[in-house]
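Sequential numbering from 369 applies to the sequence shown in this note's numbering. Here a beta-carbon is modelled for each residue, glycine too, at the ideal position from N, C-alpha and C. Predicted, not measured: the structure shown is a model, and the values here were computed from it. Shown next, in structure tokens, is the structure this report addresses.
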Amino acid sequence: MLCHRTTSRSPLKHSLRNTTPRRGGGVQVRAVDSGTRAEASGLQSGDTIIEVAGTSIATLGDLDDALDGKRAGATYSVTVTRGGNTLTLQLTLDS
Numbered sequence: 369m370l371c372h373r374t375t376s377r378s379p380l381k382h383s384l385r386n387t388t389p390r391r392g393g394g395v396q397v398r399a400v401d402s403g404t405r406a407e408a409s410g411l412q413s414g415d416t417i418i419e420v421a422g423t424s425i426a427t428l429g430d431l432d433d434a435l436d437g438k439r440a441g442a443t444y445s446v447t448v449t450r451g452g453n454t455l456t457l458q459l460t461l462d463s
């Protein structure tokens with residue numbers, strides 16, 4: 369299982385760093401760069417990404433696959449868990 373790496377193919381790679389697969393599915397956000405679209409969307413360190421644009425996320429590979437082919441500059445829904453709550457954020461992908 370891959371740990372502590374930046375997503376390789378995704379337009380989010382400039383916004384998210386050091387994501388870690390979580391037990392039970394999802395990808396935990398370890399850091400969000402200041403001034404990025406990810407930060408502006410409300411994504412926070414400690415969030416666990418569980419869905420992107422209707423695609424379930426269990427691993428970093430799933431996150432890469434879900435974002436592969438998505439248009440930079442387009443806005444997609446990103447569902448995360450935070451503190452026991454489920455939130456859906458609107459994230460515009462970096463170019």
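- DSSP links Glu407 through a beta bridge to no other residue.
- DSSP, reduced to helix, strand and coil, places Leu457 within a strand of the structure shown.
- Excluding the 5 residues flanking it on each side, Ile425 has same chain C-beta neighbours closer than 8 Å at Gly393, Gly394, Val395, Ile417, Ile418, Glu419, Leu431 and Ala434, in chain order.
- DSSP, read as helix, strand or coil, puts Ala440 in coil.
- For Ile417, the uninterrupted beta strand (DSSP E) segment begins and ends at Thr416 to Val420.
- The residues Ser383, Leu459, Thr460, Leu461 and Asp462, in chain order, have a CB closer than 8 Å to that of Arg405 in the same chain once the five nearest residues on each side in sequence are set aside.
- Between the C-alpha atoms of Thr454 and Val400 there is a straight-line separation of about 19 Å.
- Per DSSP, Ala434 is one residue of the alpha helix (DSSP H) stretching across Leu428 to Leu435.
- Annotation: Ser409 to Leu457 spans about 6 Å, alpha carbon to alpha carbon.
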